[in-house]
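Protein chains in written order, with my numbering: chain G, 1 to 383; chain R, 384 to 766; chain X, 767 to 1149; chain P, 1150 to 1532.
Glycine included, C-beta positions come from ideal geometry on N, C-alpha and C.
These figures come from a predicted structure and were not determined experimentally.
A quick write-up on the structure given underneath.
Number of protein chains: 4
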Amino acid sequence: MQLRNFKTSKERREALEKETKSSLKHIGHFSFSEEQVGNRNIENLIGAAQVPLGVAGPLQVKSEKLKVKSFFIPLATTEGALVASVSRGCKAVNESGGVITHAFRVGTTRGPVFFTGSLEKTNLLFAWIKEHEDVLKEEAAMTSSHVRLTKIRIKSIANYVFVRFYFDTGDAMGMNMVTIATEQIAKRIEEETGISCLSVAGNFDIDKKPAALNFIENRGWKVWAEAVITKDVLQTILKTTAEQMFEVWLGKCMLGSAMSGSFGFNAHYANIISAVFIATGQDAAHVVEGSMGITSVRSLKNGDLYVSIYLPALMIGTVGGGTGLPTQKEALELMGVFGTGRVEEFAHKVGGAVLAGELSLLASLSEGSLAKSHERLGRAKKV
Amino acid sequence: MQLRNFKTSKERREALEKETKSSLKHIGHFSFSEEQVGNRNIENLIGAAQVPLGVAGPLQVKSEKLKVKSFFIPLATTEGALVASVSRGCKAVNESGGVITHAFRVGTTRGPVFFTGSLEKTNLLFAWIKEHEDVLKEEAAMTSSHVRLTKIRIKSIANYVFVRFYFDTGDAMGMNMVTIATEQIAKRIEEETGISCLSVAGNFDIDKKPAALNFIENRGWKVWAEAVITKDVLQTILKTTAEQMFEVWLGKCMLGSAMSGSFGFNAHYANIISAVFIATGQDAAHVVEGSMGITSVRSLKNGDLYVSIYLPALMIGTVGGGTGLPTQKEALELMGVFGTGRVEEFAHKVGGAVLAGELSLLASLSEGSLAKSHERLGRAKKV
Amino acid sequence: MQLRNFKTSKERREALEKETKSSLKHIGHFSFSEEQVGNRNIENLIGAAQVPLGVAGPLQVKSEKLKVKSFFIPLATTEGALVASVSRGCKAVNESGGVITHAFRVGTTRGPVFFTGSLEKTNLLFAWIKEHEDVLKEEAAMTSSHVRLTKIRIKSIANYVFVRFYFDTGDAMGMNMVTIATEQIAKRIEEETGISCLSVAGNFDIDKKPAALNFIENRGWKVWAEAVITKDVLQTILKTTAEQMFEVWLGKCMLGSAMSGSFGFNAHYANIISAVFIATGQDAAHVVEGSMGITSVRSLKNGDLYVSIYLPALMIGTVGGGTGLPTQKEALELMGVFGTGRVEEFAHKVGGAVLAGELSLLASLSEGSLAKSHERLGRAKKV
Amino acid sequence: MQLRNFKTSKERREALEKETKSSLKHIGHFSFSEEQVGNRNIENLIGAAQVPLGVAGPLQVKSEKLKVKSFFIPLATTEGALVASVSRGCKAVNESGGVITHAFRVGTTRGPVFFTGSLEKTNLLFAWIKEHEDVLKEEAAMTSSHVRLTKIRIKSIANYVFVRFYFDTGDAMGMNMVTIATEQIAKRIEEETGISCLSVAGNFDIDKKPAALNFIENRGWKVWAEAVITKDVLQTILKTTAEQMFEVWLGKCMLGSAMSGSFGFNAHYANIISAVFIATGQDAAHVVEGSMGITSVRSLKNGDLYVSIYLPALMIGTVGGGTGLPTQKEALELMGVFGTGRVEEFAHKVGGAVLAGELSLLASLSEGSLAKSHERLGRAKKV
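Rendered as structure tokens:
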């Protein structure tokens, strides 16, 4: 059976139902425009996966930078207890005065690999790029008005050169844009130096793989969030104390992660990131980058708790990719960040959501109630 | 506004639409049972994220182990070109005779951290656990008939002990099961030794964070797949040669990933893993584990190409979690792996899908056509 | 000029002095037997590097396990302030009641790589090795009465198999022994399975390279040490407090190392390890393994400080290698651990020495006096 | 017994001999000036460790950059076969036309950690440093005419700031200089911002610990070397072929190291680095940094072999530290790189030496003769 012979999702579904003797009724139940999606977001469309979408929050904002007082967090997930947990985190933050966030654009990266064959040519290529950053910026700019080459990092072994190009892609996550721009750049480099680009994507991006490079040199957006949870809130809402929280954090997020050789010194960033990403049309494979980062917890003298999160490599957009699809667009709008000029705010809000999630899980663990909350909320009966 | 005061997704949607001045029409368009989902998979439900679902394949199977001749690959994604790319990979594999796969259950892990406070107690705890594996297995078995403690690994610094429990969770991914089992185990350990469990999840699992521990000691399932692509297929379908493929692989997947300090010596496992996971109701945060692994490529004497993939930590299930939701269940059925007794086959098939995806992307890169294929398929107009 | 044409170190020195117009007078000033050394430890001998040797300690021992009350620590180094720093650490430990240590033999590893070419043969090889551990143990035993194969760990990608053999090498570090044993084992595997060993050392050992594998699965000896430093000693000898020490440790050894993507969550293990290794004839390249590990510090309620170290991969011996050379033997004797039956005690003592060094440096840093102590002790005048 | 009560090494030796009932005759046999060493390089001096010193080479140089035609390599080691192996590598390189090298000064780093306590102060500190790089350069310059602050990298989590200062330290390795300079800088920052420096060394240097940061962002010197070994030389001297060498390299240095989660994609850099470091008075603990790096091997069409090495973080000096001690100075002179103005040349030569060592070991492994060569050269009788 050749799926590409069919024109519509309906035809494909029917053929597949026959071929695999299965029903695809629910997959066929969707409300987006088949034509638009099929031309931009997917091929061989047969319908849609429906991922349950819940809402956590609102989460109150303390700093004036963000210009909103609070926001909701749409979470698409099938893991019971997650939305409840983030919601509890929001409540604890809110009753303690709100979250402070900060975000910094690092840029979407593309990292081609050039095979030079010798030290001499490696040095030549290195020098040429260093001296022609402006030329390369112009090449990049020619491919799209939305992409701007902002930084270049070059590394080499003797006979290979790896270049990490950082781009400002506006409100888009922009992997496709930067690939096209990098192809243009690479072509120019090849023409000028006679050295061939082995692959426009040489894993020096490094895209969608766990890597120290992204952890250390960052990718996409760097995001921080912090809150001070009052002693009273710790006791009444989170059923724990600052000291217990600190001990769990130190044993789990620091020593446990050290023992495991991890780039994730946190409790569960990936849970919140993946649920927000699926809800809002981000590339779910970038959960890999989003799972990295360091949570910091301190027990303050007055019994309050300082908690903060740090996302070194958040890959997000508010235009392009899957952000324009109907439910995804609605989720972004619900969060107040759909469209142009909103990506920085989105970064802040993801940071706030992650903090709420960390706070709540660490409290559950310090209360010893992790499985209990799962049991009650998600799996009433014995699995 | 308190979301938990509303009883139905409709009420929540309407309240949110009013509060945030947004429309949630499409999110409200879903076909699953609100009650069931809301009790098991999510809280504060307002509807569903619709993720476009395409199908790649069929992918032909060469080895007799898998007992099927071919299978389809459901992919939920918003990234244009992905389904087309995997489909092309399937075609190349099929015309070369099919894929060979292998899978091995490692087990779902939970890794609590115990604070002992001293070397003496650390040694005591270590010894007690070593001598009472049977006791702990019984404790685990008491929590569910579907969970079986299979292996214990203990690590310690002087005053903390980290234990990595491996469980056979049958056809379920089973994180909740193993959390409950580990709580039971930890309780017994606490009672017997007087040493307190600081956190039932001590990041020695290590769940949903990039980590050497999962890369080296594995988690969930280990999966391998391989195929030999004929010289003719390389030329006609993949527009490349074995030698070119090898050079791209060496420069990108090996040297580029080495340069980046990565646990992902591959082209884009995470893309296929995330799309299959969302389609089939897996926990999308486990894309982190699924993004790791090593692709191996060899240029054979006769011009053919050997290609293989290795997934060190694939976290999957065919029952439980989101697998029973309507579209997810349909996707699993489409793939031929829904329900009990199918998880090993599912592991094999995911391995096959990943191989098809790797083959196709590496070919695109060696042909220099990565962005071109994106341009044509997904972004006809300048972004 | 061909160095191998000369018979004695004197002839080589004279030829080199002439050729390079340099003086080698001091290098020619040594007291070991040229013949013995030249046949076992080095080729093209021209003399000796004289590395200044100082002594720290004695360090008092608290636990009865070690069967000594105190010991001295010989340190060969050219870095001013190191011996003084370790000595200060010893004094602080002594006046607080002594150090408690623990050591566990993991084994010296050799990790060959086999090229199988296919999943089928990989599975075959895996199964054969699993079923013939006894056979392989016998093969190993045939190569030396001092080497015993104790554990086998197998990992594979589809077409390569990596095996990590762990050996008990008695009181020797034993890399040469285990290489010979592994060659014998590999030969047998090749004969039985027809699968060729690509390299007897396949970097799955992994010898003398920084690697998560050694950090996580250990190598050589695992060693722990701990001490409780009294509030008074902190104040009078270390000029700091438990709380300050804790803050420096948390910021530097935990968060700083996390930020750096390190396997060394410590202050300066490598300084002590390298100085002890050179003094006692260990393989100095194993400083790489010895630099890894986790220091743990806690501020206790009464103002005392708990401090511990953990060495995951200490590669040492008290016989063989350079241990029998005159000064090296003397240093081992000074430490009370020369010869057979002493390696476990040596492991304990190295652990104690590392703890003393950690304690002292962390105190210097928390006192803000790191450079000051260097200035005073090592570099009185402006460099 | 209090070692600090003694004035001379002789007194200390005698007291220790009595106390430990050991002989320290050979340790007492040395030729350096006790006073000078005891004031600069060590405390509690009792004598010297004599490490056998052999010479490999000469190694011929192909590129004109280095301005020498060949050089010798002094190696202080107790590991039999190492000097012979490097010598064989030199011979193979020489008969193939020589080695090409390249070196680039990255700078010695010091990385303090500041505790800010909040995002607000973190942003303030970040901004202040960014805007006052010139001020900090002046502060650094005030501490020594030999130290120059060249680059600043700032990273932060929400409540901690880590700064990586890079310094040009001339011909010295310069850790003490940069510590003093960083203390001065940190003091100024504290005064200007009111934010306290928690530790002048915050493991963001990151000194003497295996770390992705040094691998990725480099430290000290970056060094490359390459050679093309002719088919004939491969056959006659190295007893192997280009293809066999390539296969061993791919299986061991790439796939094996990938499997091990290593920053060392090489055969044995640490062996050569440690032996050169001890011979020439470098800080032996910097073997940790020197063990990292990537070897690259290619089988050329005509049967020749391209081989190259890359050292990302070589910490060396030709003045200061242990370089001025008698035997160490002689070894540097023998190598032609003692004193001011020679450190870049030293970097080149270390690169060449490492290449010779890599070539020879990979050849031994591909010939299957690793243990055999050990057996013959170092351990004639069964161990």
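Of all C-beta pairs linking the stretch 1458-1475 of chain P to the stretch 1358-1370 of chain P, three or more are shorter than 8 Å, placing the two stretches in contact. Across the set His669/R, Asn649/R, Phe660/R, Phe487/R, the C-alpha of Asn649/R shows the shortest separation from the C-alpha of Ser743/R. Setting aside the 5 residues that flank it on each side, Met718/R is surrounded in the same chain by Phe454, Phe455, Ile456, Pro457, Thr663, Phe729, Lys732, each with a C-beta closer than 8 Å to its C-beta; the list follows chain order. For Trp221/G, the enclosing beta strand (DSSP E) begins and ends at 220-229. If the five residues before and after Ala952/X are omitted, its C-beta is found closer than 6 Å to the C-beta atoms of Pro878, Cys963, Val966, all from its own chain and listed in chain order. Contact residues of the stretch 1220-1248 of chain P toward chain R are absent (C-beta to C-beta distance below 9 Å). DSSP lists Gln443/R as the beta-bridge partner residues of Ser453/R.
At a cut-off of 9 Å between beta carbons, Phe598/R contacts chain X. Interface residue (Cβ-Cβ distance to chain G less than 9 Å): Ser1348/P is not classified as such.
Asp551/R is bridged by DSSP to Arg531/R. Cα atoms of Asp517/R and Asn559/R: separation of roughly 22 Å, rounded to the nearest angstrom.
Of the residues assessed, Gln665/R falls on the buried side of the cut-off, its CB having 16 or more other CB atoms within 10 angstroms. Annotated three-state conformation of Val1103/X is coil, per DSSP.
Annotated three-state conformation of His1251/P is strand, per DSSP. Short of 7 Å from the beta carbon of Thr1342/P, and not among the five residues preceding or following it, lie these beta carbons of its own chain, in chain order: Leu1273, Leu1274, Trp1277.
In the structure shown, Lys1115/X falls within a helical segment according to DSSP collapsed to helix, strand and coil. Its Cα nearest to that of Gly936/X, the residue Thr874/X stands out among Ile995/X, Thr874/X, Gly804/X. Among the residues of chain P, those whose CB is under 8 Å from the CB of Asn159/G are Glu1375, Ser1445, Arg1447, Tyr1455, Ser1457, following chain order.
In the displayed model, Ala76/G falls within a strand according to three-state DSSP. The beta carbons of Ser1423/P and Gly1442/P sit no closer together than 9 Å. One thing to note: Gly1022/X has its Cβ within 9 Å of the Cβ of Asn1352/P.
At least one beta carbon of chain X lies nearer than 9 Å to the beta carbon of Lys538/R. Under a criterion of Cβ atoms nearer than 8 Å, the residues of chain G adjacent to Phe415/R are, in order, His26, Gln50, Pro52.
For Val496/R, the uninterrupted beta strand (DSSP E) run begins and ends at 496-498, by DSSP.
Ser145/G counts as exposed, since fewer than 16 other beta carbons sit within 10 angstroms of its beta carbon.
For Glu1055/X, no Cβ of chain R is located within less than 9 Å of the residue's own Cβ. Contact of Glu785/X with chain P is assigned, a C-beta pair being separated by under 9 Å.
Closest option to Val469/R, judged by alpha-carbon separation, among His412/R, Gly437/R, Phe646/R, Phe629/R: Gly437/R. Between the alpha carbons of Glu64/G and Thr318/G lies a distance of about 22 Å.
With contacts defined as CB atoms closer than 9 Å, Arg571/R and Glu514/R fail to qualify as a contacting pair. Inter-residue distance for Met259/G and Asp615/R is about 48 Å (C-alpha atoms, whole angstroms).
In the DSSP assignment, Lys1304/P is bridged to Phe1311/P. Of all residues in the stretch 253-278 of chain G, only Gly261 place a beta-carbon less than 7 Å from a beta-carbon of chain P. Scanning the stretch 258-322 of chain G from its first residue to its last, the whole beta strand (DSSP E) runs of 3-plus residues come out as 296-299, 305-314. Here the alpha carbons of His29/G and Ser392/R stand approximately 18 Å from one another. In summary, the residues of the stretch 334-358 of chain G whose CB is separated from some CB of chain R by less than 9 Å are Leu334, Met335, Gly336, Phe338, in the order they occur in the chain.
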